[in-house]
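Novice: Sequence lines, in order, name chains W and B. Counting in our numbering, the first sequence runs from 60 upward without gaps. Counting in our numbering, the second sequence runs from 2 upward without gaps. Note that CB positions come from ideal geometry on N, CA and C, so glycine has one too.
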Amino acid sequence: MSAYVIRGVRPYGEEAVDIVINDGVITELAPVGTGKGEVIEADGLIALPGFVDLHTHLREPGREDAETIESGSQAAALGGYTCVHAMANTDPVADTAGVVEQVWRIGREVGLVDVRPVGAVTVNLDGKHLAEIGAMANSAAEVTVFSDDGKCVHDALLMRRSLEYVKAFGGVVAQHAQEPRLTENAQMNEGALSGKLGMVGWPAVAEEAIIARDVLLAEHVDSRLHACHVSTAGSVEVIRWAKSRGVNVTAEVTPHHLILTEDLVETYNPVYKVNPPLRTKKDVLALRAALADGTIDALATDHAPHPHEHKDCEWGAAAMGMLGLQTAFSVVMETMVEPGLLDWRGVADRMSVQPARIGGVESQGQPIAVGSVANIVVIDPKAKWTVVPEALASKSSNTPFAERTFPGTIVHTMYAGRPTVIGGVLA
Amino acid sequence: MRHLLSAGDLDRDQALLILDTAAEMAALSDRSVKKLPTLRGRTVVNLFFEDSTRTRISFELAAKRLSADVINFAAKGSSVSKGESLKDTALTLEAMGADAVVIRHWDSGAPYRLAHADWIGGSVVNAGDGTHEHPTQALLDAYTMRRHLRDGKGALEGVRVAIVGDILHSRVARSNVLLLQTLGAEVTLVAPPTLLPIGMETWPCEVSYDIDSVLPKVDAVMMLRVQQERMQAAYFPTAREYSRLYGLNGDRMRLLPEHAIVLHPGPMNRGMEISAEVADSDRAVMVEQVANGVSVRMAVLYLLLGGAKELSE
Chain W
60 MSAYVIRGVR PYGEEAVDIV INDGVITELA PVGTGKGEVI EADGLIALPG FVDLHTHLRE
120 PGREDAETIE SGSQAAALGG YTCVHAMANT DPVADTAGVV EQVWRIGREV GLVDVRPVGA
180 VTVNLDGKHL AEIGAMANSA AEVTVFSDDG KCVHDALLMR RSLEYVKAFG GVVAQHAQEP
240 RLTENAQMNE GALSGKLGMV GWPAVAEEAI IARDVLLAEH VDSRLHACHV STAGSVEVIR
300 WAKSRGVNVT AEVTPHHLIL TEDLVETYNP VYKVNPPLRT KKDVLALRAA LADGTIDALA
360 TDHAPHPHEH KDCEWGAAAM GMLGLQTAFS VVMETMVEPG LLDWRGVADR MSVQPARIGG
420 VESQGQPIAV GSVANIVVID PKAKWTVVPE ALASKSSNTP FAERTFPGTI VHTMYAGRPT
480 VIGGVLA
Chain B
2 MRHLLSAGDL DRDQALLILD TAAEMAALSD RSVKKLPTLR GRTVVNLFFE DSTRTRISFE
62 LAAKRLSADV INFAAKGSSV SKGESLKDTA LTLEAMGADA VVIRHWDSGA PYRLAHADWI
122 GGSVVNAGDG THEHPTQALL DAYTMRRHLR DGKGALEGVR VAIVGDILHS RVARSNVLLL
182 QTLGAEVTLV APPTLLPIGM ETWPCEVSYD IDSVLPKVDA VMMLRVQQER MQAAYFPTAR
242 EYSRLYGLNG DRMRLLPEHA IVLHPGPMNR GMEISAEVAD SDRAVMVEQV ANGVSVRMAV
302 LYLLLGGAKE LSE
C-alpha cells in the first residue's frame with residue numbers, strides 16, 4: 060500500500076503537522092512540509108479520528124430501494140465516518156449468523172467503511188425468543204452489539220436474560236427504550252402541542268421508564284447496557300443516576316435530537332416524523348449538556364433512509380426516520396462546538412473514541428498518533444455548506460435539513476490508510 | 002381566505018363574516034326555490050376517507066344550493082399500505098379541475114398537508130381530520146348559540162359554554178374551543194381526566210371533572226359522543242359508570258339555568274352521554290344544528306370560492 064502524507068493539518072485543532080501514513084498506519088507526525096508520500100493538502104484544516112456510528116440503518120437486505128450497503132457506506136465516508144454499525148431491522152432480520160455475515164461481507168467488498176453488523180436480540184425482533192446471539196458473536200462478523208432497534212425488548216424477563224446471555228461473548232444490549240403500551244399508535248411527543256394538533260402522544264415517561272428498569276436489571280445481573288437514541292431530559296437524569304451508582308450503562312444521542320424540536324410537527328410535514336419523536340427545547344438543552352459532560356457517551360446518527368413515497372404523504376401514513384450520516388458532524392459543530400460545549404478532543408471522543416469502545420471495534424477510535432490505524436477525518440471548520448437532499452449520497456432524500464446552511468465540512472476521509480473522500484468527493 | 006383548515010385560523014372579523022353570510026343563506030332556505038346561481042360551473046369535491054353520511058350530505062346540499070357541480074369521492078383505505086395515496090388522489094382531483102376539496106380524513110393534519118404539499122391548486126375545506134379539528138361544526142355550533150342566546154347578531158361575548166365528554170379524541174371540542182375563544186365566549190371542558198389531553202393548562206378554557214358544579218353556571222352545554230369501545234383502552238371502567246358520572250340526564254338538565262340550551266354534534270348515543278328525556282326536550286337544539294350546518298357550509302363555500310367579491314359588488 061502506498062504512502063500518504065496529510066500536509067499541514069492540525070490534529071485536534073492543535074499544532075500543524077504532516078501526518079505520514081504507511082501501510083495503513085500512522086508512522087510519523089512530521090514538521091509541516093517534511094513528510095514523504097503522496098500529498099493530501101490540508102493546510103490549516105483539522106484532523107480527528109474517523110467517526111464511528113453506533114446506529115445506522117443500511118436497509119440491505121430487503122429495502123435496497125431506500126439504501127444499500129454501498130450507498131450508505133458512501134454517505135458515511137462523505138460524513139467523515141470510517142465505521143458504521145448496521146442495525147438489525149432488515150428484511151430478513153439480522154438474527155442469524157448467515158445474515159450478519161452477508162452484511163459484513165458486502166461491507167468489506169464495498170470497502171469504504173468498517174460495516175459492523177448489529178445482531179437482533181430476539182428472533183425476527185418479535186420480543187419472544189432469544190436470537191442465536193452466540194452464533195452471531197462467533198461468526199466472521201464477530202457481532203458484539205445486539206439490538207431489536209425499532210422495537211423495544213419490553214418483556215422484563217427477556218431483557219434480563221439477554222443482558223445475562225451477552226456476557227458470555229463480551230456483548231452489549233443496545234435498547235430501543237419505548238414502552239409499547241404507552242406508545243400505541245404514537246405520532247409525536249406528548250405535551251400541549253400533541254393535544255392541540257390532535258395527535259397521539261409519545262410520552263417521555265415511555266422512554267424513561269424502560270431505561271430506569273433496564274439500568275436496574277443491568278446492575279442486578281452485572282452486564283452492559285447501551286441506551287439508544289436518548290431523547291428526554293428525564294432519561295438523562297436516570298442515566299446520570301445509574302452511572303453514579305456504578306452501573307455499566309452507556310448512552311447515545313442523535314444529531315436531530317440535539318437541534319430540532321417538536322414545534323416542526325405543526326407543519327405536518329412527515330420529514331419531521333421520527334422515533335423517538337422530536338422533543339422540547341428543554342430536552343434539547345439537557346441532551347447537549349449531557350453529551351458535553353459525558354453522561355451521554357456518544358453521538359449516533361440513527362440514519363434512517365426511507366423511499367420518497369413513505370414521506371410524500373399524510374403524517375399518519377408516513378414512515379419514521381431521518382437521514383443523518385452526512386449532516387451529523389455539522390450538527391455537532393453548530394450545537395456543541397460553536398457554543399463551546401465541546402472542544403475538538405471532545406468531538407473526537409464522542410464521535411469516535413466512545414462509540415468505538417462501546418461497539419468493541421479495536422481498529423477504530425485510535426488517537427492521531429504514531430502507531431495508530433490511519434482512520435482519519437479532515438475537517439474545515441470555517442467552511443459553510445447548504446444541504447441539498449438530492450445531492451446526498453444516500454439513495455433516499457429524507458433529510459430534515461433541506462436548504463439549511465451549516466458550518467463545517469468534511470474535506471478528506473482516510474479509511475485504514477486509504478483515502479475514501481478527497482476534497483469533499485468520493486476518492 | 003383560501004382554505005378553511007382550522008377554526009384557529011379565523012380572526013373575529015372572518016368568523017363573524019361567515020356567521021352573517023350564513024344568516025343570509027338561511028333566509029334563502031325559507032323560499033320555495035332554495036337555490037342561488039353563485040357557484041354555477043364550479044366543481045366541489047367531497048373527498049371522504051372516513052364514513053360520515055351526515056357531514057357529507059350537509060356539504061353536498063350546501064354546494065348544490067349554490068349551483069356548484071358536486072362530486073362525492075369515497076376513498077376507502079388510502080395510504081401507502083392500503084391503496085392509492087392521498088397524493089395520487091389529490092393529483093387526480095386536480096386534473097379533473099376541482100375548485101374546492103372538502104376533505105374528511107382519519108389522519109390529523111391530512112387537510113393541512115393537502116393544502117400545503119403543492120398537490121392541488123383549489124381550496125381545501127377541513128370536514129374533520131382525525132382527532133384534530135372540525136371547523137365547520139364549530140361554526141354551526143356558534144351560529145346556533147348566537148341565534149338562541151344573542152338574537153342572531155354579533156359575537157358571543159360573555160356566553161358561558163360547557164363541553165362535556167371525550168375531549169381527548171374530539172375534533173369538535175378542539176375547533177369549538179378555538180372559535181368560541183375568538184368570539185369572546187367562556188368555555189369549560191368537563192371530562193374524566195383520562196379523556197383530557199396532556200397539556201390542557203395551555204388551552205384558553207377552564208377544565209373540570211365535575212359536571213354538576215358546572216351546569217348551573219352555563220348558557221349552553223355541548224355533549225360529545227363517547228364511543229363505548231373507549232372503555233377497552235381503560236379510559237373509563239364501564240359505560241354505565243361513565244353515564245352516571247358524566248351523562249346528561251333529566252335531573253342534571255334541571256341544574257341548568259332556564260334559558261340554557263343543549264347541543265350535540267351527533268350522532269347521539271342515547272342512554273350513554275345523553276338521556277332520551279334530554280335529547281327530546283325543548284332545550285335540545287340538535288335538529289336545528291343540522292339545518293344550520295347547511296347554511297354555514299354554504300357560507301364557507303361561497304366565501305372561499307370568490308363569492309365575497311360578488312357580495313361586495
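Assign W:His144 to buried or exposed, taking buried as 16 or more other Cβ atoms, counted over all protein chains shown, within 10 Å of its Cβ.
Specialist: As a first step, residue 144 of chain W must be located in the first sequence, where it is residue number 85. Its Cβ being crowded by 16 or more others within 10 Å, W:His144 is buried.
Novice: In terms of residue numbering, what span does the beta strand (DSSP E) encompassing W:Thr458 cover?
Specialist: Position 399 of the first sequence, counted from the start, is the residue given in the question as residue 458 of chain W. Looking at the DSSP string, W:Thr458 is not in any beta strand (DSSP E), and its letter there is neither H nor E.
Novice: Check the DSSP bridge columns for B:Ser209 and list the partner residues they point to.
Specialist: In the second sequence, the residue the question calls residue 209 of chain B occupies position 208. Bridge partners of B:Ser209: B:Val191.
Novice: Whose Cβ in chain W lies nearer than 9 Å to the Cβ of B:Lys36?
Specialist: The residue given as residue 36 of chain B occupies position 35 in the second sequence. Neighbours of B:Lys36 on chain W: none; closest Cβ ~35 Å, over 9 Å.
Novice: Which one of W:Pro90, W:Ala348, W:Pro70, W:Ile80 has the shortest CA to CA distance from W:Ser61?
Specialist: Within the first sequence, the letter at position 2 stands for residue 61 of chain W. Among W:Pro90, W:Ala348, W:Pro70, W:Ile80, the Cα nearest to that of W:Ser61 belongs to W:Ile80.
Novice: Quick one: is W:Ser303 buried, meaning 16 or more other Cβ sit within 10 Å of its Cβ, or exposed?
Specialist: Residue numbering aside, residue 303 of chain W sits at position 244 when the first sequence is read from its first letter. Exposed, because fewer than 16 other Cβ atoms sit within 10 Å of the Cβ of W:Ser303.
Novice: At a CB-CB cut-off below 7 Å, which residues of chain B make contact with W:Val251?
Specialist: Residue 251 of chain W sits at position 192 when you count from the first residue of the first sequence. It is Ala, not Val, that sits at residue 251 of chain W in the sequence shown. Near W:Ala251 (Cβ distances below 7 Å), the residues of chain B are Gly200, Thr203.
Novice: If you measure between the beta carbons of B:Pro194 and W:Ser253, is that distance less than 9 Å?
Specialist: Stepping through the second sequence from its first residue, residue 194 of chain B is reached at position 193. Stepping through the first sequence from its first residue, residue 253 of chain W is reached at position 194. No, Cβ-Cβ distance for B:Pro194 and W:Ser253 is not below 9 Å.
Novice: Helix, strand or coil: which one does DSSP assign to B:Asn293?
Specialist: The residue you call residue 293 of chain B lines up with position 292 of the second sequence. Looking at B:Asn293 - three-state DSSP - the assignment turns out to be helix.
Novice: Please state if the CB of B:Gly129 and the CB of B:Arg105 are separated by a distance shorter than 9 Å.
Specialist: Here residue 105 of chain B corresponds to residue number 104 of the second sequence, with the count starting at 1. Here residue 129 of chain B corresponds to residue number 128 of the second sequence, with the count starting at 1. Yes, these two residues count as a Cβ contact at 9 Å.
Novice: List the residues of chain B that W:Gly121 touches, going by C-beta distances under 8 Å, in chain order.
Specialist: Start at 1 with the first residue of the first sequence, and residue 121 of chain W comes out as number 62. Near W:Gly121 there are no residues of chain B at all, since even the closest Cβ is about 16 Å away, more than 8 Å.
Novice: How is B:Ser79 classed by DSSP in three states: helix, strand or coil?
Specialist: Position 78 of the second sequence, counted from the first residue, corresponds to residue 79 of chain B. Legend: pLDDT at B:Ser79 = 48, less than 50; position of this residue unreliable, value from coordinates given subsequently. Of the three classes helix, strand and coil, the one that applies to B:Ser79 here is coil, per DSSP.
Novice: Would you mind giving the Cβ-Cβ distance between W:Thr450 and B:Asp108, rounded to the nearest angstrom? I have them listed as a contact below 8 Å.
Specialist: Working through the first sequence from its first residue, we reach residue 450 of chain W at position 391. Working through the second sequence from its first residue, we reach residue 108 of chain B at position 107. Inspection of the sequence shows that residue 450 of chain W is occupied by Ala rather than by Thr. Between B:Asp108 and W:Ala450 the Cβ distance is about 31 Å, and since that is not below 8 Å, they are no contact.
Novice: Taking 9 Å as the threshold (C-beta atoms), are W:Gly250 and W:Thr339 in contact?
Specialist: In the first sequence, the residue the question calls residue 339 of chain W occupies position 280. In the first sequence, the residue the question calls residue 250 of chain W occupies position 191. The answer is yes: Cβ separation under 9 Å.
Novice: What residues from chain B crowd round W:Met258, counting only those whose CB sits closer than 7 Å?
Specialist: Position 199 of the first sequence, counted from the start, is the residue given in the question as residue 258 of chain W. Per Cβ cutoff of 7 Å: Ser109.
Novice: Compute the beta-carbon to beta-carbon distance between W:Leu401 and W:Ala351, rounded to the nearest angstrom, for a pair I have assumed lies under 8 Å.
Specialist: Along the first sequence, read from residue 1 onward, the residue named residue 401 of chain W stands at position 342. Along the first sequence, read from residue 1 onward, the residue named residue 351 of chain W stands at position 292. 6 Å between Cβ atoms; contact.
Novice: Taking 9 Å as the CB-CB limit, is B:Leu87 close to chain W?
Specialist: For this step, residue 87 of chain B is matched to residue 86 along the second sequence. At least one chain W Cβ lies under 9 Å of B:Leu87.
Novice: State yes or no: is the beta carbon of W:Gln133 nearer than 9 Å to at least one beta carbon in chain B?
Specialist: Residue mapping note: residue 133 of chain W aligns to position 74 of the first sequence, counting from 1. W:Gln133 does not count as touching chain B.
Novice: Given a cut-off of 9 Å on the beta-carbon distance, is the pair W:Gly121 and W:Gly92 in contact?
Specialist: Here residue 121 of chain W is taken as the residue at index 62 of the first sequence, counted from 1. Here residue 92 of chain W is taken as the residue at index 33 of the first sequence, counted from 1. In this structure, W:Gly92 does not lie closer than 9 Å to W:Gly121 by Cβ.
Novice: Over the uninterrupted alpha helix (DSSP H) stretch that includes W:Ile85, give me the two end residues.
Specialist: The residue given as residue 85 of chain W occupies position 26 in the first sequence. Not the alpha helix (DSSP H): W:Ile85 falls in the beta strand (DSSP E), residues 84 to 89.
Novice: Which residues bound the alpha helix (DSSP H) around W:Trp163?
Specialist: For the purposes of this step, residue 163 of chain W is identified with residue 104 of the first sequence, where counting begins at 1. W:Trp163 -> alpha helix (DSSP H) spans 156 to 169.
Novice: B:Gln233 lies in the beta strand (DSSP E); which residues open and close that run?
Specialist: The count along the second sequence starts at 1 and reaches residue 233 of chain B at position 232. Run containing B:Gln233: none; DSSP gives neither H nor E here.
Novice: At the level of alpha carbons, what is the spacing between B:Thr90 and B:Ala99?
Specialist: Translated into positions along the second sequence, residue 90 of chain B becomes position 89. Translated into positions along the second sequence, residue 99 of chain B becomes position 98. For B:Thr90 and B:Ala99, the distance between alpha carbons rounds to 12 Å.
Novice: Please classify B:Lys310: does DSSP put it in a helix, a strand, or coil?
Specialist: Here residue 310 of chain B refers to the residue found at position 309 when the second sequence is read from its first residue. For B:Lys310, the predicted model reports a pLDDT of 49, less than 50, meaning its position is unreliable; a value from the coordinates is still stated below. In this structure, B:Lys310 counts as helix in the three-state DSSP scheme.
Novice: Is B:Arg175 close to chain W? Criterion is C-beta to C-beta, closer than 9 Å.
Specialist: Start at 1 with the first residue of the second sequence, and residue 175 of chain B comes out as number 174. Judged by the 9 Å Cβ criterion, B:Arg175 is in contact with chain W.
Novice: Mapping DSSP to helix, strand and coil, what is W:Ser198?
Specialist: Here residue 198 of chain W corresponds to residue number 139 of the first sequence, with the count starting at 1. In this structure, W:Ser198 counts as coil in the three-state DSSP scheme.
Novice: According to DSSP, B:His106 sits in a beta bridge with which residue or residues?
Specialist: Start at 1 with the first residue of the second sequence, and residue 106 of chain B comes out as number 105. B:Asp130.
Novice: Please list, in chain order, the chain B residues whose beta carbon lies closer than 7 Å to that of W:Tyr327.
Specialist: Translated into positions along the first sequence, residue 327 of chain W becomes position 268. Chain B residues near W:Tyr327: Gly110, Tyr113, Arg114.
Novice: Nearest-angstrom Cα distance between B:Gly307 and B:Gly159?
Specialist: Locating residue 307 of chain B in the second sequence gives position 306, where the first residue counts as 1. Locating residue 159 of chain B in the second sequence gives position 158, where the first residue counts as 1. Whole-angstrom Cα-Cα distance: 33 Å.
Novice: Considering Cα atoms alone, identify which of W:Leu485, W:His471, W:Val152 is closest to W:Ile105.
Specialist: In the first sequence, the residue the question calls residue 105 of chain W occupies position 46. Nearest C-alpha to W:Ile105: W:His471.
Novice: Quick check on W:Asp371 - is its C-beta less than 9 Å from some C-beta in chain B?
Specialist: Along the first sequence, one-based indexing puts residue 371 of chain W at 312. Cβ-Cβ to chain B under 9 Å: yes for W:Asp371.
Novice: Count Cβ pairs between the stretch 139 to 154 of chain W and the stretch 106 to 117 of chain W that sit closer than 8 Å; are there 3 or more?
Specialist: Touching, per the Cβ criterion.
Novice: When the Cα atoms are used, what is the spatial distance from B:Asn47 to B:Tyr210?
Specialist: Locating residue 47 of chain B in the second sequence gives position 46, counting from the first residue. Locating residue 210 of chain B in the second sequence gives position 209, counting from the first residue. If you take the alpha carbons of B:Asn47 and B:Tyr210, they lie about 38 Å apart.
Novice: Evaluate contact between the stretch 370 to 387 of chain W and the stretch 316 to 333 of chain W, counting only Cβ atoms and requiring at least three cross-stretch pairs below 8 Å.
Specialist: Flag = yes, the stretch 370 to 387 of chain W and the stretch 316 to 333 of chain W touch.
Novice: Where does W:Thr149 land, buried or exposed, given buried means 16+ other C-beta within 10 angstroms?
Specialist: For the purposes of this step, residue 149 of chain W is taken as residue 90 along the first sequence, with counting starting at 1. The residue in question, W:Thr149, is buried, as its Cβ has 16 or more Cβ neighbours within 10 Å.
Novice: So, is the C-beta of W:Ala491 closer than 9 Å to a C-beta in chain B?
Specialist: Not covered by the structure: residue 491 of chain W. The range shown for chain W is 60 to 486.
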